[in-house]
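K.L.:
All residue numbers for the sequence shown refer to my numbering, where the first residue is 4 and numbers rise by one.
The C-beta atom is built at its ideal place from N, Cα and C for all residues, glycine as well.
I have a structure here, written as structure tokens, and I will follow up with some questions on it.
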Amino acid sequence: MSDALLAARLWSQAQAALAAGRAAEIAPPEALWDSIEHFLAEPAASTFLAAVRIVEQHRRRAEVERGAPGVLRRSFEDGAEALAAAPGIPAALASRLATGLPVDLHAGDRLRALAALASAHHALAARVSADLAARRRLFQSFPSRGRRPGRGSSKR
Numbered sequence: 004m005s006d007a008l009l010a011a012r013l014w015s016q017a018q019a020a021l022a023a024g025r026a027a028e029i030a031p032p033e034a035l036w037d038s039i040e041h042f043l044a045e046p047a048a049s050t051f052l053a054a055v056r057i058v059e060q061h062r063r064r065a066e067v068e069r070g071a072p073g074v075l076r077r078s079f080e081d082g083a084e085a086l087a088a089a090p091g092i093p094a095a096l097a098s099r100l101a102t103g104l105p106v107d108l109h110a111g112d113r114l115r116a117l118a119a120l121a122s123a124h125h126a127l128a129a130r131v132s133a134d135l136a137a138r139r140r141l142f143q144s145f146p147s148r149g150r151r152p153g154r155g156s157s158k159r
């Protein structure tokens, strides 16, 4: 492919990425401009691919940022629902966390992790309780013995 065709293709991809960045209110990184300038200074397949990679990273980031609020809100709501359904978490605490935490990139994951931790704790507590009850029953099934004198004591 000729240098002119590569430059035209890079320019069209850069325009699309810059438009997506403006729509998402994201400034293009300096690396984007540097890679385009590097390609224009030394047109080659390697500099073209490096520039396209950076341009596409900017476009993808802009698309994610533009669509992120809805996705983040749904992720947060899913995490809040999982926490509310988790055993051992009081409803008031789950409600307070759902309304008081900020919605960010990892908030939904944190709420789901907390719900999983509460569920695991509940399951472990149930197993320990069942084991303790079984041990008590087993201990009570042994015949009771009278106290024997300890060593060194004598019956005189």
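1) For a minimum of 4 consecutive residues, which ranges assigned as the alpha helix (DSSP H) are wholly contained in the region 5-48?
2) Based on Cα-Cα distance, which residue from GLN16, GLU28, PRO72 lies nearest to ALA54?
3) Once the 5 residues before and after ARG69 are set aside, which same chain residues still bring their CB inside 8 Å of it?
4) Looking at the unbroken alpha helix (DSSP H) that takes in HIS125, where does it start and where does it end?
5) Shortest alpha-carbon distance to ASP6 belongs to which of ASP134, PHE51, LEU100, LEU114?
6) Can you name, in chain order, every residue of its own chain whose Cβ lies under 8 Å from the Cβ of ALA34, other than the five neighbours on each side?
7) In angstroms with no decimal places, state the Cα-to-Cα distance between PRO90 and ARG130.
8) I'd like the list of long-range same chain contacts for ALA118, defined as Cβ closer than 6 Å, with 5 residues on each side in sequence excluded.
9) Taking just the CA atoms, how far does ALA20 sit from HIS185?
10) Please classify ARG62: does DSSP put it in a helix, a strand, or coil?
11) Just curious, the alpha helix (DSSP H) that GLY103 is in, first and last residue?
12) ILE2: which of ALA116, ALA133, GLU59, GLU66 sits nearest, CA to CA?
P.N.:
Short version:
1) Runs found: 6-26, 33-44.
2) GLN16
3) ALA23, ALA26, ALA27
4) 110-144
5) PHE51
6) ILE57
7) It is roughly 14 Å from the alpha-carbon of PRO90 to the alpha-carbon of ARG130.
8) ALA85, LEU86, ALA89
9) Residue coverage of the chain in this structure runs from 4 to 159, which leaves residue 185 outside it and unanswerable.
10) helix
11) 94-103
12) Residue 2 lies beyond the stretch modelled for the chain, which goes from 4 to 159, so this question has no answer here.
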